[in-house]
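Chains as they are written, first to last, in this note's numbering: chain A, 12 to 375; chain B, 254 to 829.
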Amino acid sequence: MVRVEGLTKHFRVGNRTIQAVGGVTFSIPQGAFFTLLGPSGCGKTTILRCIAGLEQPDAGEVWLDERLVYSHSRGTAIPPHRRDLGVVFQSYAIWPHMTVYENAAFPLEVRRRPGGEVRRRVREVLELVGLDGLEARPAPSLSGGQQQRLALARALVHAPKVLLLDEPLSNLDAKLREQLGRELKSIQRRVGVTTCYVTHDQAEALTLSDVVGVMTEGRLIQTGPPREVYAHPHDPFVAWFVGAANLLPGRLETVNGIAMVTTACGSLRCASPNGLSSGEVLLCLRPEDIKIVTDRPVTDGLNVWSGILEDVVFSGESSEAYVRVTGTTLRARGAGAAFPPAGTTVYVVFPPERCVVVPRGAAG
Amino acid sequence: MSQAVPSRPFWRLSPAPGRGYSWPLVPSLASLAAAYLALSPVIFLIYGTLVGGDGPGQSLFASYLRAYTAPGAVRMLGNSVTYAAGAAVLSLLLGTILAWLHERTNTAFRGTLFILGIVPLILPGVLFTIAWIFLLSPNIGLVNLAARTLGVPTAPFNIYSLGGMIWVDGLHYSPFAFLMMSAAFRSMNPALEESAFVSGAGLGTTVRRITLRLMAPSLLSVFLLLFIRNLGTFEVPALIGRPAGIEVFTAKIWAATRRYPPDFGLAGVYALTLLLLTSVGLFVNSRLLRDTRRYATVTGEGFRGRVLDLGPWRAVTGAGVLAYLTIIALMPLAVLLWNSFLPFFMPPSRQALAAVTLHNYAVAFSYPQVARGLRNSLILAVGTAALTMLISASVAWMVVRSRTRGRWLLDVVATFPITLPGIVIGVGLIWTYLTLPVPIYGTLWILLIAYLTRFLPYGIRACGAALTQIHRELEDAGELSGGTWGVRFRRIVLPLLRPALIAGGTYILIVSVREFSSSVLLWGPRAEVLSVVLFDLWQSGLFQQVSAMGSALCAGLIVLAAAFWWVNRRQELNPG
Numbered sequence: 012m013v014r015v016e017g018l019t020k021h022f023r024v025g026n027r028t029i030q031a032v033g034g035v036t037f038s039i040p041q042g043a044f045f046t047l048l049g050p051s052g053c054g055k056t057t058i059l060r061c062i063a064g065l066e067q068p069d070a071g072e073v074w075l076d077e078r079l080v081y082s083h084s085r086g087t088a089i090p091p092h093r094r095d096l097g098v099v100f101q102s103y104a105i106w107p108h109m110t111v112y113e114n115a116a117f118p119l120e121v122r123r124r125p126g127g128e129v130r131r132r133v134r135e136v137l138e139l140v141g142l143d144g145l146e147a148r149p150a151p152s153l154s155g156g157q158q159q160r161l162a163l164a165r166a167l168v169h170a171p172k173v174l175l176l177d178e179p180l181s182n183l184d185a186k187l188r189e190q191l192g193r194e195l196k197s198i199q200r201r202v203g204v205t206t207c208y209v210t211h212d213q214a215e216a217l218t219l220s221d222v223v224g225v226m227t228e229g230r231l232i233q234t235g236p237p238r239e240v241y242a243h244p245h246d247p248f249v250a251w252f253v254g255a256a257n258l259l260p261g262r263l264e265t266v267n268g269i270a271m272v273t274t275a276c277g278s279l280r281c282a283s284p285n286g287l288s289s290g291e292v293l294l295c296l297r298p299e300d301i302k303i304v305t306d307r308p309v310t311d312g313l314n315v316w317s318g319i320l321e322d323v324v325f326s327g328e329s330s331e332a333y334v335r336v337t338g339t340t341l342r343a344r345g346a347g348a349a350f351p352p353a354g355t356t357v358y359v360v361f362p363p364e365r366c367v368v369v370p371r372g373a374a375g
Numbered sequence: 254m255s256q257a258v259p260s261r262p263f264w265r266l267s268p269a270p271g272r273g274y275s276w277p278l279v280p281s282l283a284s285l286a287a288a289y290l291a292l293s294p295v296i297f298l299i300y301g302t303l304v305g306g307d308g309p310g311q312s313l314f315a316s317y318l319r320a321y322t323a324p325g326a327v328r329m330l331g332n333s334v335t336y337a338a339g340a341a342v343l344s345l346l347l348g349t350i351l352a353w354l355h356e357r358t359n360t361a362f363r364g365t366l367f368i369l370g371i372v373p374l375i376l377p378g379v380l381f382t383i384a385w386i387f388l389l390s391p392n393i394g395l396v397n398l399a400a401r402t403l404g405v406p407t408a409p410f411n412i413y414s415l416g417g418m419i420w421v422d423g424l425h426y427s428p429f430a431f432l433m434m435s436a437a438f439r440s441m442n443p444a445l446e447e448s449a450f451v452s453g454a455g456l457g458t459t460v461r462r463i464t465l466r467l468m469a470p471s472l473l474s475v476f477l478l479l480f481i482r483n484l485g486t487f488e489v490p491a492l493i494g495r496p497a498g499i500e501v502f503t504a505k506i507w508a509a510t511r512r513y514p515p516d517f518g519l520a521g522v523y524a525l526t527l528l529l530l531t532s533v534g535l536f537v538n539s540r541l542l543r544d545t546r547r548y549a550t551v552t553g554e555g556f557r558g559r560v561l562d563l564g565p566w567r568a569v570t571g572a573g574v575l576a577y578l579t580i581i582a583l584m585p586l587a588v589l590l591w592n593s594f595l596p597f598f599m600p601p602s603r604q605a606l607a608a609v610t611l612h613n614y615a616v617a618f619s620y621p622q623v624a625r626g627l628r629n630s631l632i633l634a635v636g637t638a639a640l641t642m643l644i645s646a647s648v649a650w651m652v653v654r655s656r657t658r659g660r661w662l663l664d665v666v667a668t669f670p671i672t673l674p675g676i677v678i679g680v681g682l683i684w685t686y687l688t689l690p691v692p693i694y695g696t697l698w699i700l701l702i703a704y705l706t707r708f709l710p711y712g713i714r715a716c717g718a719a720l721t722q723i724h725r726e727l728e729d730a731g732e733l734s735g736g737t738w739g740v741r742f743r744r745i746v747l748p749l750l751r752p753a754l755i756a757g758g759t760y761i762l763i764v765s766v767r768e769f770s771s772s773v774l775l776w777g778p779r780a781e782v783l784s785v786v787l788f789d790l791w792q793s794g795l796f797q798q799v800s801a802m803g804s805a806l807c808a809g810l811i812v813l814a815a816a817f818w819w820v821n822r823r824q825e826l827n828p829g
């Protein structure tokens with residue numbers, strides 16, 4: 012397992028000091044796939060490098076597998092080569108002067124493992140990532156996807172307790188990214204290695220991870236399983252960054268146990284008020300949760316607004332509709348060519364259990 | 254559009270549709286001039302060694318026979334190679350360690366390396382060498398005198414040895430190795446080293462198995478460049494090697510031209526041999542660079558290297574950096590300055606301080622040849638800088654912009670003299686203007702031609718690089734507005750190139766004032782230049798006056814270099 016406590020890191024840029032990470036705490040259970048998700052410059056890579064020992068935090072502690080590897084207050088700083096890690100870098104960092112075999116065997120050789128074991132382990136791990144048969148190839152002749160596989164093989168060959176991956180899929184094209192992502196997940200499950208993954212791609216984070224930690228401006232703002240983070244964001248940033256969302260400012264009131272949010276477009280009943288009962292909030296409405304119909308639905312009139320379909324954008328497997336409701340444009344998503352033509356007057360239906368209340372927070 | 258215009262050889266006139274002849278005369282003439290300057294010395298050098306020499310009626314290879322059967326020829330070859338390789342190794346060793354400290358660690362005094370560290374590249378080789386003689390000569394060397402006062406019975410250092418030659422030249426060019434290796438470190442992805450660390454390799458294993466292996470092509474390439482440059486260097490062999498009886502090619506070439514009667518055939522053969530050696534080095538180097546491309550890593554951008562925290566070693570390496578800067582910049586400059594104020598050579602003491610005088614400066618500048626040298630050097634430097642940049646801009650335009658066929662050949666030919674040692678150009682030009690009926694040998698004109706030949710390639714490279722940055726459409730727009738070539742060049746190309754022209758011109762001013770190894774062969778009475786006058790005064794034993802004149806020259810060059818740096822920086826801050 013991995014435990015990070017109160018990790019803080021500053022960088023000096025010229026004569027200014029910039030805080031890259033400000034007091035981040037989290038832990039990754041044994042064998043879990045944990046992802047740090049955030050926009051570029053949010054400090055996620057810095058955290059990964061601090062875990063690896065490639066950067067020294069200014070405060071905090073790092074524990075790897077019940078072993079304290081860094082503590083600012085206790086003056087502990089185990090160098091990277093004694094931390095027993097596997098790391099996959101964004102640029103793969105495959106050594107160009109070595110063959111595929113030599114790259115993969117390096118971690119075992121510097122650990123002075125016996126020759127028979129080295130050969131057996133390298134064969135196993137190259138088979139695992141699907142590079143068997145390419146042992147003698149010079150590394151620079153590999154394609155991008157193959158280099159990525161080799162980087163993974165090299166990171167796993169010595170059976171480390173912890174695997175760190177820094178945006179390993181970002182240099183690949185879309186199709187390959189999807190395929191290698193799935194393979195990575197299945198390899199991680201088979202090997203059972205505790206994994207910390209860094210990405211700015213929310214789709215990647217949601218599909219791969221057991222637990223996602225969303226970061227912005229050096230802080231970890233929400234941690235949880237992908238479904239929970241997606242369905243119940245605790246913070247406007249999380250709602251905005253993870254998936255697409257219509258965010259409407261409004262006022263929450265609870266009457267007789269029924270939570271209602273009043274926005275500029277009207278009131279909506281919410282089944283999941285996030286533990287809140289009243290106050291200024293944001294209403295988070297996912298495009299795929301918004302239903303659009305042409306006939307007024309037969310309900311009690313709650314959670315139905317009327318509006319004008321402004322525009323419909325077709326993008327293959329789905330369509331997006333932009334509906335104007337009293338001054339605000341809402342975005343809805345439906346399958347194929349599901350929407351009536353633009354200009355139609357429509358009714359927008361919001362299922363109460365999909366109307367998510369997000370606290371406005373200090374930032375508003 | 255570009256396919257619609259048929260390409261044509263650059264020597265053929267061709268009418269532009271509807272506008273009569275639009276043949277850009279200026280760049281064509283400039284290209285012809287550049288090609289002539291580049292080719293004539295080598296052609297006449299080969300011609301001269303075969304036909305000239307002993308006068309009419311000699312056999313074709315007489316000069317070659319004489320050169321290679323001369324006593325000591327083999328030893329000279331050995332000396333040359335040992336000296337060039339030894340100095341290259343020293344430069345490379347110092348430069349690589351410093352580059353690593355600078356790019357990859359948080360050593361103390363990191364920032365000063367780039368500023369003070371390149372001072373030796375500004376100083377003329379004659380002065381750097383003289384300064385080190387003042388420091389390490391067995392009789393008057395300050396370091397040896399200091400050792401004696403500390404109780405060492407005999408002088409511990411003797412600069413008049415092969416080791417001494419290697420020491421001085423190795424130090425002098427270590428900043429070059431530092432700059433080249435810094436660039437190499439910057440272009441290497443630090444993740445390659447980091448992945449070794451996290452794979453379980455310590456610093457030693459990582460340096461040995463990853464860093465050094467990946468740097469091997471760069472190391473070898475920089476070594477070869479230094480080796481080639483050292484083979485062609487003249488200052489150290491003339492000032493230290495000859496008194497010590499250690500002959501190398503360059504000093505031998507010079508000696509052959511200065512004896513009476515001068516043996517230009519012998520000089521030519523040795524110059525050609527030198528050229529052959531450097532060409533082999535350059536060929537190997539170009540092959541090497543092609544191989545390094547195989548090593549290109551995923552991303553090609555420069556890398557902000559991880560800064561290795563040296564901890565308590567920071568102070569130790571910082572002390573090393575300070576010691577290095579003291580040795581390469583402070584000590585040579587200080588000893589020159591110290592000497593320039595004394596009536597005769599004295600180690601620092603209270604008596605010496607009492608004797609401090611400006612007399613040497615007054616005497617030095619009262620010599621007519623110093624005044625002439627100053628004037629000539631200034632005329633030559635300004636003339637070379639202006640002409641070089643003008644010709645360079647035109648030739649670069651021809652290479653980069655024109656659609657004529659054969660422009661790659663023009664590029665190859667015009668930049669070829671970059672490979673020629675100064676002394677080879679010198680011998681080549683002697684042969685050229687002794688053969689051609691153009692009586693300029695021994696005048697400022699031949700010096701101007703030599704400087705242009707030496708520095709045009711740098712100007713062409715700089716202008717070519719700048720031109721490729723300027724979008725072709727800017728010029729096409731001018732053409733569509735109806736501007737002729739001259740108007741477009743004056744109104745669009747030259748103003749856009751101005752930053753490159755100013756920076757390049759300043760650089761050429763500096764190197765022209767420093768130029769020595771061609772000048773020493775080509776100068777004549779009343780056509781002296783500063784570096785040659787310094788050398789001459791030194792040969793006459795006027796050490797104090799040399800120091801005074803050298804100190805003044807150093808001050809001037811440092812001011813020029815600071816101006817160069819300032820111009821460059823301003824352009825980086827507000828490009829365009």
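The beta carbon of each residue, even a glycine, is placed where N, CA and C say it ideally should be.
Would residue i pass as a contact of residue j if the rule is Cβ separation under 9 Å?
| i | j | result |
| --- | --- | --- |
| L242 (chain B) | P621 (chain B) | Lying before the first or after the last residue shown, residue 242 (chain B) is absent from chain B, which here runs from 254 to 829. |
| D917 (chain B) | A508 (chain B) | The question about residue 917 (chain B) has no answer here: the residues shown for chain B are numbered 254 through 829. |
| S784 (chain B) | P377 (chain B) | yes |
| G534 (chain B) | L484 (chain B) | yes |
| F594 (chain B) | W650 (chain B) | no |
| I499 (chain B) | N332 (chain B) | yes |
| L298 (chain B) | L525 (chain B) | yes |
Terminal residues of the continuous alpha helix (DSSP H) containing residue i?
| i | result |
| --- | --- |
| E239 (chain A) | P237 to A242 |
| P585 (chain B) | M584 to S593 |
| W353 (chain B) | A326 to R357 |
| P470 (chain B) | L465 to L484 |
| S619 (chain B) | H612 to S619 |
| S284 (chain B) | L278 to V304 |
| V315 (chain A) | Careful: V315 (chain A) lies outside any alpha helix (DSSP H), inside the beta strand (DSSP E) at V315 to F325. |
| C281 (chain A) | Segment G277 to C281 is the beta strand (DSSP E) holding C281 (chain A); no alpha helix (DSSP H) there. |
Which residue marks the beginning of the beta strand (DSSP E) containing residue i, and which one marks its end?
| i | result |
| --- | --- |
| S316 (chain B) | It is not in any beta strand (DSSP E) - S316 (chain B) instead sits in the alpha helix (DSSP H) that spans A315 to T322. |
| W106 (chain A) | That residue, W106 (chain A), is in no beta strand (DSSP E); it is neither H nor E in DSSP. |
| N7 (chain A) | In this structure chain A extends from 12 to 375, so residue 7 (chain A) is not present and cannot be described. |
| H245 (chain A) | Premise fails: H245 (chain A) is in no beta strand (DSSP E) and is neither H nor E. |
| P151 (chain A) | Looking at the DSSP string, P151 (chain A) is not in any beta strand (DSSP E), and its letter there is neither H nor E. |
Would residue i be called buried (16 or more neighbouring beta carbons within 10 Å of its own) or exposed?
| i | result |
| --- | --- |
| S471 (chain B) | buried |
| E447 (chain B) | buried |
| D184 (chain A) | exposed |
| K186 (chain A) | exposed |
| R2 (chain A) | No information on residue 2 (chain A) is available, as it lies outside the stretch 12 to 375 that chain A covers here. |
| N26 (chain A) | exposed |
| Y513 (chain B) | exposed |
| S390 (chain B) | buried |
| D562 (chain B) | exposed |
Report back the beta-carbon spacing between residue i and residue j to the nearest angstrom; my notes put them in contact at under 8 Å.
| i | j | result |
| --- | --- | --- |
| L633 (chain B) | L583 (chain B) | With 8 Å as the limit, L633 (chain B) and L583 (chain B) do not qualify as a contact, their Cβ atoms being about 30 Å apart. |
| L709 (chain B) | A667 (chain B) | 7 Å |
| T46 (chain A) | L219 (chain A) | 6 Å |
Quick one: list the residues of chain D neighbouring residue i, beta-carbon separation under 8 Å, in chain order.
| i | result |
| --- | --- |
| I463 (chain B) | Chain labels in this structure do not include chain D; the protein chains are A and B. |
Original post:
Unbroken alpha helix (DSSP H) runs of length 4 or more, entirely within the stretch 690–764 of chain B: which are they?
Top reply: 697–722, 725–733 and 738–741
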